[in-house]
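All the letters of the sequence shown, read from the start, carry residue numbers 1 to 254 under UniProt numbering. Here's the structure we're looking at; comments come further down.
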Amino acid sequence: MNNFVKLGSKGSLDVGEDKPVSEIRKKNLAVFVSGGGSNFRSIYEASLNGSVQGDIAVLVTNKPECGGAEFAREKGIPVLICPKLKDEKEGLSAEDLVVTLRSYSIHFILLAGYLKLIPVELIRAFPKSILNIHPSLLPSFGGKGYYGMKVHKAVVASGARYSGATIHFVDEQYDTGRILAQRVVPVLAFDTPEELAARVLHEEHKLYVEVVSALCEDRIIWRDDGVPLIKSKKTLLIIPSRLTLHSVSLHYLL
């Protein structure tokens, strides 16, 4: 096994052992979508090629006819509807959704463009196990009403020089959970929101796969003050999950 180094709360170094991928049990994943589900598709492909040690066991949506749900059906992935649609027979309550996800032995929940607030029942049932991806560098341009193209329009209008993607753990509010990873995308001088959105989405697809890979390989740990960290496979060091404002993928090393 490989050794890794962890920086303690007072600056002391603790040495542990890195678990080989061959010893890691595949995780069962639930993905939540409301639209086309391009991040869902990226994670699905990564699960097939072995980049992610997990299987997408079920998809949850509030829009049963959306592109993500159609893709799931094509691939034989069960589709659940939540919340229960008005005047419709199908659909699950929050309590029923918890029971159903447990019946699939779900380890982690991945939000990939799901536009509903996650019920507190689900958050309590899956603590530190629900991730969301947001198309800006949180905490900027986040919160209720900031989604999709609305985010990129606000970034461009603000004159911000950088945007990007953020993956964070989900709490009971919109976009306020602990940040796990970020990737920076520069805002060019004459960017349109659509141009910026395309570049951010390209990075989202790569970042989400990398983070889900770490999640499924048990490479996420929690610092004493509650900050989540990702252990790098390449350096075998514990690294803070935020990235520097340089290019799109530099890390601070502890």
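All C-beta atoms in this analysis are idealised placements derived from N, C-alpha and C, irrespective of residue type, glycine included. These numbers were taken from a predicted model, which means no experiment stands behind them.
| Query | Result |
| --- | --- |
| Please list, in chain order, all residues of the same chain as residue 103 whose beta carbon is under 6 Å from its beta carbon, the five residues on each side excluded. | none |
| In three-state DSSP terms, what is residue 231? | strand |
| Can you tell me whether residue 183 is helix, strand or coil according to DSSP? | strand |
| Looking only at C-alpha atoms, which of 70, 106, 83, 178 sits nearest to residue 222? | 178 |
| Using only the alpha-carbon positions, how far apart do residue 241 and residue 220 sit? | Its pLDDT being 44, under 50, residue 241 is placed unreliably by the model, and nothing is read from it. |
| Tell me which residue opens and which closes the alpha helix (DSSP H) that residue 99 is part of. | 94-103 |
| Check residue 156 in the structure and name its three-state DSSP category. | helix |
| In terms of DSSP beta bridges, what is residue 29 paired with? | 56, 108 |
| Who pairs with residue 192 in a beta bridge, going by DSSP? | The partner list for residue 192 (beta bridge, DSSP) is empty, contrary to what the question assumes. |
| On the three-pair Cβ rule with 8 Å, is the region 183-198 touching the region 117-125? | no |
| Can residue 76 be considered in contact with the ligand COA, in the sense that its beta carbon sits closer than 7 Å to one or more heavy atoms? | Although the ligand COA was asked about, the structure shown includes no ligands whatsoever. |
| Between 214, 149, 166, 116, which has its C-alpha nearest residue 134's C-alpha? | 166 |
| Taking 6 Å as the limit between beta carbons, can you name the residues of its chain near residue 31, skipping five residues before and five after? | 40, 56, 59, 110, 112 |
| When the Cα atoms are used, what is the spatial distance from residue 201 to residue 70? | 20 Å |
| Counting C-beta neighbours from all protein chains within 10 Å, is the total for residue 162 16 or more, i.e. buried, or is it exposed? | exposed |
| Return the chain-ordered list of same chain residues with a C-beta closer than 6 Å to the C-beta of residue 107, the five sequence neighbours on each side being excluded. | 27, 28 |
| Considering only their Cβ atoms, is the gap separating residue 180 from residue 131 smaller than 8 Å? | yes |
| Give me the residue from 225, 232, 214, 230 with the minimum Cα distance to residue 52. | 214 |
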